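Residue numbers (the working numbering), protein chains in the order written: chain A, 1 to 115; chain B, 1 to 111.
Cβ coordinates follow ideal geometry from the N, Cα and C atoms, glycine included.
Just so it is clear, the structure is predicted and the values come from calculations on it, not from any experiment.
First comes the structure, then the notes that go with it.
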Amino acid sequence: EPEVTQTPSHQVTQMGQEVILRCVPISNHLYFYWYRQILGQKVEFLVSFYNNEISEKSEIFDDQFSVERPDGSNFTLKIRSTKLEDSAMYFCASTEGTYSYNEQFFGPGTRLTVL
Amino acid sequence: SQKIEQNSEALNIQEGKTATLTCNYTNYSPAYLQWYRQDPGRGPVFLLLIRENEKEKRKERLKVTFDTTLKQSLFHITASQPADSATYLCVMDTGRRALTFGSGTRLQVQP
């Protein structure tokens, strides 16, 4: 069964460093998302991406964040200058259709630890 | 802003019983609600979607209800099993292409 994959599973970085989190969405899916979950807290929407551009973004997704689909399969989240409070689990998700009620398929997540 | 509340942080039940989880929402009238399951350290997994014009939806041992007057959804697992132990997330679409998650109810099914 097709699935969303994410790499790395765990990333440790120093405050102020740049990190790139990678995702491979399901191949025929059209909409891609990033969410984050701080330990013990809710899953929070960051950004959605369609047709090579950002569709929606939350207030969390400020100038330090960017997303890119560098080729036909990868979808990346870049955090330019990491802060301690960026430590969280980051989930990538994708949907087959273009309707907002379509089931979202989540990847296993990348645990980001900022020291 | 729109809010989802799952009023139990944790629920412990005996195997074979029915688990009932509650989700209340405010400041918005969603066209549908979704329920996801999340295991520790894993991504959420979609379970069921119910639309505002549907009172009830079933899938195997799962049942979801949606009461737009009470602004509430109930999620039931019948004949619960230890393998059902997980966190269950009530999720609302706010008309944007983003999901708003509740904080979840951690269900523990005791053998």
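Contacts around residue i, its chain only, beta-carbon distance under 6 Å, and the 5 residues preceding and following it disregarded
| i | result |
| --- | --- |
| T7 of chain A | R22 |
| F46 of chain B | Y36 |
| E5 of chain B | N24 |
| F75 of chain A | C23, P25, F32 and R69 |
| Y116 of chain A | What is shown of chain A runs 1 to 115, which leaves residue 116 of chain A out entirely. |
| Y45 of chain A | Checking the sequence, you will find Phe at residue 45 of chain A rather than Tyr. Excluding positions up to five away in sequence, the list reads Y35 and S58. |
heavy atom of the ligand GTP below 8 Å from residue i C-beta
| i | result |
| --- | --- |
| E3 of chain A | What this structure holds is no ligand at all, so the ligand GTP is not there to describe. |
Simplified DSSP assignment, three categories, for residue i
| i | result |
| --- | --- |
| L115 of chain A | coil |
| L84 of chain A | helix |
| S55 of chain A | strand |
| Q64 of chain A | coil |
| Q14 of chain B | strand |
| S94 of chain A | strand |
| E3 of chain A | coil |
| E103 of chain A | coil |
| E9 of chain B | coil |
Neighbouring residues, chain B, relative to residue i (Cβ below 9 Å)
| i | result |
| --- | --- |
| S94 of chain A | Within 9 Å Cβ-Cβ: nothing; S94 of chain A doesn't reach chain B, min ~11 Å. |
| F91 of chain A | G43 and P44 |
Where residue i meets chain B, residues with beta-carbon distance less than 7 Å
| i | result |
| --- | --- |
| G174 of chain A | Outside the modelled stretch of chain A, which goes from 1 to 115, sits residue 174 of chain A, for which no answer is possible. |
Partner residues on chain A for residue i, Cβ-Cβ distance less than 9 Å
| i | result |
| --- | --- |
| S80 of chain B | Under the 9 Å cutoff, chain A gives no residues; its nearest Cβ is about 24 Å from S80 of chain B. |
| F101 of chain B | Y35, Q37, K42, V43, E44 and F45 |
Own chain partners of residue i with C-beta closer than 7 Å, once the 5 adjacent residues on each side are dropped
| i | result |
| --- | --- |
| D86 of chain A | I79, L112 and V114 |
| G16 of chain A | S81 and T82 |
is_contact[residue i, chain D] using C-beta, thresh 9 Å
| i | result |
| --- | --- |
| G16 of chain B | The chain inventory of the structure shown lacks chain D, comprising the protein chains A and B. |
Contact set for residue i: own chain, Cβ-Cβ below 8 Å, skip 5 residues either direction
| i | result |
| --- | --- |
| K59 of chain B | L47 and L48 |
| S27 of chain A | P2 and S73 |
| N52 of chain A | R69 |
* Asked: Quick one: complete beta strand (DSSP E) runs, 3+ long, within the segment 24–109 of chain B?
  -> Complete beta strand (DSSP E) runs here, min 3: 32–38, 45–51, 56–59, 62–67, 72–77, 86–93 and 99–101.
* List in chain order: all unbroken beta strand (DSSP E) runs of 3+ residues lying wholly within the segment 5–47 of chain A. => You should have 5–7, 10–13, 19–24 and 31–37.
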